[in-house]
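Reading through the structure tokens given below for one structure.
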Amino acid sequence: MSSDIRFTDFKSDKQPTWCPGCGDFGTMNGMMKALAETGNDPDNTFIVAGIGCSGKIGTYMHSYALHGVHGRALPVGIGVKMANPDLEVMVSGGDGDGYSIGAGHFIHAVRRNVDMSYVVMDNRIYGLTKGQASPTSREDFETATTPDGPNQPPVNPKALALAAGATFIAQTFSSNSQRHAEIVQEAIEHDGFGFVNVYSPCVTFNDVDTYDYFRDTIEDVEETDHDRFDREQAKDKILESDKEYMGVLYQDEDSVPFEEREGVEGSMAEIPDGAPEGAMDLVREFY
Amino acid sequence: MPDDLNWAIGGEAGDGIDSTGKIFAQALSRAGRHVFTSKDFASRIRGGYTAYKVRTSVDRVESVVDRLDILIALTERTVHENEDELHEDSVVIYDGERSTMQDVEVPHGATALEVPLKRLAEDAGGAIMLNVVALGAACEVTNFPIENLDESLQKRFGDKGEAIVENNKQAARMGQEYVREEFDLDTDYDVETTDEDYVLLNGDEAIGMGAIAAGCRFYAGYPITPATDVMEYLTGRIDQFGGKVVQAEDELSAINMALGAARAGARSMTATSGPGIDLMTETFGLVATSETPLVICDVMRSGPSTGMPTKQEQGDLNMTLYGGHGEIPRFVVAPTTISECFWKTVEAFNLAEKYQIPVFLVSDLAMAVTEQTFSPETFDMDEVEVDRGKVVDESDIDAWLDEKGRFQAHFPAADGVSPRAFPGTTDGAHMTTGLEHDELGRRTEDTDVRVEQVDKRNRKVETAREEESFDYREFGDPDADTLVISWGSNEGAMREGMEFLAEDGYDVRFLSVPYIFPRPDLSEEVAAAETTIVVECNATGQFADVIEHDVLERVERINKYTGVRFDADELAEEVKSTLADSAGTQEVEAE
Ligand SMILES: Cc1ncc(C[n+]2csc(CCOP(=O)(O)OP(=O)(O)O)c2C)c(N)n1
Ligand code: SF4
Chain R
1 MSSDIRFTDF KSDKQPTWCP GCGDFGTMNG MMKALAETGN DPDNTFIVAG IGCSGKIGTY
61 MHSYALHGVH GRALPVGIGV KMANPDLEVM VSGGDGDGYS IGAGHFIHAV RRNVDMSYVV
121 MDNRIYGLTK GQASPTSRED FETATTPDGP NQPPVNPKAL ALAAGATFIA QTFSSNSQRH
181 AEIVQEAIEH DGFGFVNVYS PCVTFNDVDT YDYFRDTIED VEETDHDRFD REQAKDKILE
241 SDKEYMGVLY QDEDSVPFEE REGVEGSMAE IPDGAPEGAM DLVREFY
Chain B
1 MPDDLNWAIG GEAGDGIDST GKIFAQALSR AGRHVFTSKD FASRIRGGYT AYKVRTSVDR
61 VESVVDRLDI LIALTERTVH ENEDELHEDS VVIYDGERST MQDVEVPHGA TALEVPLKRL
121 AEDAGGAIML NVVALGAACE VTNFPIENLD ESLQKRFGDK GEAIVENNKQ AARMGQEYVR
181 EEFDLDTDYD VETTDEDYVL LNGDEAIGMG AIAAGCRFYA GYPITPATDV MEYLTGRIDQ
241 FGGKVVQAED ELSAINMALG AARAGARSMT ATSGPGIDLM TETFGLVATS ETPLVICDVM
301 RSGPSTGMPT KQEQGDLNMT LYGGHGEIPR FVVAPTTISE CFWKTVEAFN LAEKYQIPVF
361 LVSDLAMAVT EQTFSPETFD MDEVEVDRGK VVDESDIDAW LDEKGRFQAH FPAADGVSPR
421 AFPGTTDGAH MTTGLEHDEL GRRTEDTDVR VEQVDKRNRK VETAREEESF DYREFGDPDA
481 DTLVISWGSN EGAMREGMEF LAEDGYDVRF LSVPYIFPRP DLSEEVAAAE TTIVVECNAT
541 GQFADVIEHD VLERVERINK YTGVRFDADE LAEEVKSTLA DSAGTQEVEA E
């Protein structure tokens with residue numbers, strides 16, 4: 001790790017193909033800043049992404065990375081971190097990727113509390129498949145596949161996370177770049193699963209949850225008397241239905257990462273040239 | 001085999017059938033006898049018929065036969081289930097005082113040995129030991145020195161304290177003495193002991209042991225019969241070697257976790273059975289295109305859907321060979337014996353890393369739940385070789401950087417295999433993806449690059465065909481007119497079946513093939529034979545299909561899909577009738 005790492009070192013030479021104005025630009029810049037700010041460099045960083053416009057992030061960043069299949073980025077991240085806890089692991093994807101097809105993994109990744117960060121670009125729509133309802137779309141949000149709206153309430157990912165025993169829950173807004181980067185940085189620094197839901201507007205398919213909407217409604221918990229270590233307060237903020245918050249909503253100060261509890265010590269990449277020492281004891285056990 | 005003895009204990013699930021059977025099997029193995037066990041179990045925890053069968057001989061045993069010499073029946077149903085296998089020298093041990101056993105009729109002139117198992121167990125310290133009383137009785141019937149049981153009892157009950165162990169030893173002796181005093185047995189079973197040292201293990205345990213021997217450090221899985229034993233074996237053991245088992249929330253997660261760990265440089269594996277393999281399918285392609293070395297183990301059971309979860313079948317061959325959308329380069333390796341479960345697992349890891357490709361390790365229920373004796377040297381750890389393939393580190397990474405200093409993780413090498421840099425390697429940062437990509441891992445739809453990368457990945461298979469030996473094992477007369485081919489766990493039954501065939505004057509050449517893809521070219525062997533028969537536990541003949549495809553010739557098929565593995569004698573009969581039928585058709589054609 002060298003100290004002269006700048007956030008642009010995390011940029012790949014591939015030009016993003018996101019629509020001009022897409023919230024994902026801001027989200028990604030904040031992630032790169034946070035990584036550089038926390039003293040990481042591309043060679044010790046592993047980014048896992050799912051599928052969607054949001055999932056392309058691994059392509060536009062420079063680091064070790066894997067761009068997997070739809071909804072399965074979290075398990076990949078867990079595998080990477082378990083096999084080498086020295087790596088900085090960051091998982092990213094969209095609301096469809098994380099809360100629909102990957103919802104099962106989300107809850108279990110939260111429970112497992114592996115020391116990594118999970119940044120979800122929540123645009124309340126399926127962008128890459130051109131504008132269908134996502135699990136965070138509003139109940140009356142009309143799309144080609146839901147002409148009368150999904151007719152079911154949106155999932156509340158922060159509530160899911162809290163219920164599943166999350167140790168770090170935060171929310172940011174991609175266009176508020178300074179705060180967004182700070183909060184992602186906190187997620188990285190948190191000892192455990194740092195979950196950040198980012199409002200990252202889709203300028204092409206979502207004309208309801210727009211920059212203007214978030215700008216007008218979102219409130220920074222830093223400007224209130226919110227105590228992030230108080231689970232009850234977090235619960236109230238998270239369940240408040242007609243208010244959008246930004247900031248760290250909840251953090252468990254006593255969080256111990258899963259891999260630490262499991263006693264994983266270092267990288268599993270080094271193995272002997274033949275069977276490990278003492279392997280013959282494995283055979284003798286069957287006497 | 002003069003002292004070839006077939007023994008079984010049967011009852012309801014929950015009666016302790018498994019552990020009692022295992023105690024006896026271990027005692028035999030420690031007494032220097034060969035053992036081959038099989039289990040008959042239903043998919044429920046309590047109730048339902050369950051049996052544990054032990055075949056034992058001083059000579060090596062490779063299969064089950066259609067005969068039972070000693071049967072411990074804890075329920076009446078046990079007698080009915082095994083009726084056909086009893087004969088006039090059989091001895092059936094049961095507790096006639098129990099209400100469930102009042103009307104037992106022991107068929108075929110077999111000896112009915114009524115032993116008050118429960119009453120004697122109570123005298124020894126608790127009714128729960130009635131199975132052990134029965135073991136003691138069986139020792140007397142078979143002239144097997146009861147001291148050999150003691151160590152197994154120690155192993156099984158040692159954790160529960162010395163008093164329990166002593167009570168059990170006592171229970172066994174009470175069974176023995178009762179038989180000695182009450183009956184004047186007219187049987188001449190004589191189970192001799194030898195000085196040989198054997199270990200007794202099943203196929204799943206051998207896979208787990210092979211994985212650790214090969215340096216596997218990460219395992220993610222989701223419980224499913226009959227693959228769970230692999231996970232249970234590794235849990236607790238792999239940690240001692242710096243590894244970890246993670247029980248994932250489902251198979252989708254399991255394979256993706258295993259992929260992540262492999263990406264981070266660990267030797268990594270997942271194991272499952274049919275339904276789990278289905279769930280993992282989408283990720284097969286990702287493993288292949290991201291060129292991640294991964295061992296995916298499928299311990300087959302009876303399908304489709306949830307089928308018969310505790311029954312034998314070899315129905316997933318097509319799934320492992322062709323499963324997944326698009327075209328996925330992969331290797332499919334299928335051990336044919338329990339010892340091969342160990343060695344092929346080691347090989348699977350080497351192949352996976354040498355070629356950076358998914359390797360399917362395909363086993364089946366019959367092999368997974370069967371325990372067999374081996375001399376410990378069969379698993380000589382000094383013979384294990386580890387080949388990690390083209391891993392580069394700080395010292396040699398420069399050779400693989402492009403003019404702008406970017407690592408070419410998908411460099412289209414002539415042999416199809418690119419360099420590999422574990423995350424953390426300086427200057428190695430790169431991305432891998434399931435999207436089509438260029439040599440740097442960057443997404444592309446450029447037609448030339450697409451073709452170049454597809455060809456590159458497929459070249460691994462060609463290279464492996466040249467460099468590895470994807471061979472078969474051969475038995476019998478190389479010049480015989482009849483050629484039998486099988487894969488998976490049928491090898492043992494067929495090898496023994498050949499003895500029956502030889503007795504009846506049938507000459508057979510038998511090839512047991514552990515490589516499904518790439519596989520040996522069998523065209524010369526098939527051409528040299530008059531009749532070729534492919535034996536497998538499925539209804540449609542999936543392996544027969546691929547062989548026909550390879551050799552451009554019709555082959556005969558023996559298929560069993562009852563859920564039960566082949567018996568040696570049954571298989572011999574099947575071969576005979578197939579030959580009779582095919583001779584018939586040949587005559588018709590000649591007319
Ligand atoms: C198994 C599978 N099903 C469906 C798809 C098609 N698909 C690609 S992206 C996507 C939705 C992505 O939505 P979201 O995660 O919200 O990301 P966004 O594009 O909005 O950033 C879908 C359904 C797929 N790639 N794989
Ligand atoms: S479709 Fe929406 S989410 Fe996708 S790139 Fe365009 S603006 Fe962004």
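Residue numbers (UniProt numbering), protein chains in the order written: chain R, 1 to 287; chain B, 1 to 591. In this text, a Cβ means the ideal position worked out from N, Cα and C, and glycines have one as well.
Check residue i in the structure and name its three-state DSSP category.
{"i": "Cys202 of chain R", "result": "coil"}
{"i": "Met1 of chain R", "result": "Unreliable positioning characterises Met1 of chain R in this predicted model, as indicated by a pLDDT of 44, which lies under 50. The coordinate reading is nonetheless provided below. Coil at Met1 of chain R, not helix or strand."}
{"i": "Asn6 of chain B", "result": "strand"}
{"i": "Tyr561 of chain B", "result": "coil"}
{"i": "Val391 of chain B", "result": "strand"}
{"i": "Gly210 of chain B", "result": "helix"}
{"i": "Tyr60 of chain R", "result": "helix"}
{"i": "Ser301 of chain B", "result": "Note on identity: in this sequence residue 301 of chain B is Arg, with Ser being the wrong assignment. Three-state DSSP puts Arg301 of chain B in coil, outside helix and strand."}
{"i": "Ala163 of chain B", "result": "helix"}
{"i": "residue 291 of chain R", "result": "Nothing can be reported for residue 291 of chain R, as the shown portion of chain R is limited to 1 through 287."}
{"i": "Glu591 of chain B", "result": "Any answer about Glu591 of chain B is weak, because its pLDDT of 46 lies below 50 and its placement is not dependable; what the coordinates show is given next. Coil."}
{"i": "Arg67 of chain B", "result": "coil"}
{"i": "Ile146 of chain B", "result": "coil"}
{"i": "His226 of chain R", "result": "coil"}
{"i": "Gly584 of chain B", "result": "helix"}
{"i": "Met1 of chain B", "result": "Because the pLDDT of Met1 of chain B is 41, which lies under 50, any placement of that residue in the model is unreliable, and the number read from its coordinates should be weighed accordingly. Coil, per DSSP."}
{"i": "His105 of chain R", "result": "helix"}
{"i": "Pro275 of chain B", "result": "helix"}
{"i": "Pro518 of chain B", "result": "coil"}
{"i": "Gln453 of chain B", "result": "helix"}
{"i": "Trp18 of chain R", "result": "coil"}
{"i": "Pro75 of chain R", "result": "helix"}
Which residues in chain D sit within 7 Å of residue i, going by Cβ to Cβ distance?
{"i": "Leu87 of chain R", "result": "Annotation note: the requested chain D is absent from the structure, which comprises protein chains R and B."}
Give a yes or no on whether the C-beta atoms belonging to residue i and residue j are separated by under 7 Å.
{"i": "Gly58 of chain R", "j": "Asn113 of chain R", "result": "no"}
{"i": "Thr370 of chain B", "j": "Ala211 of chain B", "result": "no"}
{"i": "Thr447 of chain B", "j": "Thr310 of chain B", "result": "no"}
{"i": "Ser137 of chain R", "j": "Pro150 of chain R", "result": "yes"}
{"i": "Asp569 of chain B", "j": "Phe500 of chain B", "result": "yes"}
{"i": "Gly324 of chain B", "j": "Phe284 of chain B", "result": "yes"}
{"i": "Gln171 of chain R", "j": "Met246 of chain R", "result": "yes"}
{"i": "Arg457 of chain B", "j": "Pro358 of chain B", "result": "no"}
{"i": "Pro257 of chain R", "j": "Asp140 of chain R", "result": "no"}
{"i": "Ser92 of chain R", "j": "Ala161 of chain R", "result": "no"}
By the 10 Å Cβ neighbour count, where 16 or more other Cβ atoms means buried, how is residue i classified, buried or exposed?
{"i": "Gly165 of chain R", "result": "exposed"}
{"i": "Gln178 of chain R", "result": "exposed"}
{"i": "Arg554 of chain B", "result": "exposed"}
{"i": "Glu85 of chain B", "result": "buried"}
{"i": "Lys160 of chain B", "result": "exposed"}
{"i": "Asn176 of chain R", "result": "buried"}
So which residues of chain R does residue i contact, with C-beta pairs closer than 7 Å?
{"i": "Glu249 of chain B", "result": "Gly104, His105 and His108"}
{"i": "Glu385 of chain B", "result": "Gly274"}
For the putative contact between residue i and residue j, defined by C-beta atoms under 8 Å, what is the C-beta separation to the nearest angstrom?
{"i": "Ser363 of chain B", "j": "Cys341 of chain B", "result": "6 Å"}
{"i": "Tyr126 of chain R", "j": "Leu74 of chain R", "result": "19 Å between Cβ atoms; not a contact."}
{"i": "Leu321 of chain B", "j": "Ile93 of chain B", "result": "Rounded, the Cβ-Cβ distance is 47 Å, inconsistent with contact."}
{"i": "Glu62 of chain B", "j": "Arg495 of chain B", "result": "5 Å"}
Output, in chain order, the set of chain R residues within a Cβ distance shorter than 9 Å of residue i.
{"i": "Ile212 of chain B", "result": "Ala275, Pro276, Ala279 and Leu282"}
{"i": "Pro376 of chain B", "result": "Met280, Val283, Arg284, Phe286 and Tyr287"}
{"i": "Gly563 of chain B", "result": "Result: empty, since nearest Cβ-Cβ is about 28 Å, beyond 9 Å."}
Just the chain R side, please: which residues come within less than 8 Å of residue i by C-beta, in chain order?
{"i": "Thr432 of chain B", "result": "Ala65, Leu66 and His67"}
{"i": "Asp427 of chain B", "result": "Asp43"}
Along chain B, in chain order, which residues have C-beta atoms closer than 7 Å to that of residue i?
{"i": "Phe193 of chain R", "result": "The premise fails here: Phe193 of chain R is roughly 14 Å from chain B at the closest Cβ pair, so nothing lies under 7 Å."}
{"i": "Asn44 of chain R", "result": "Gly424"}
{"i": "Glu262 of chain R", "result": "Lys244"}
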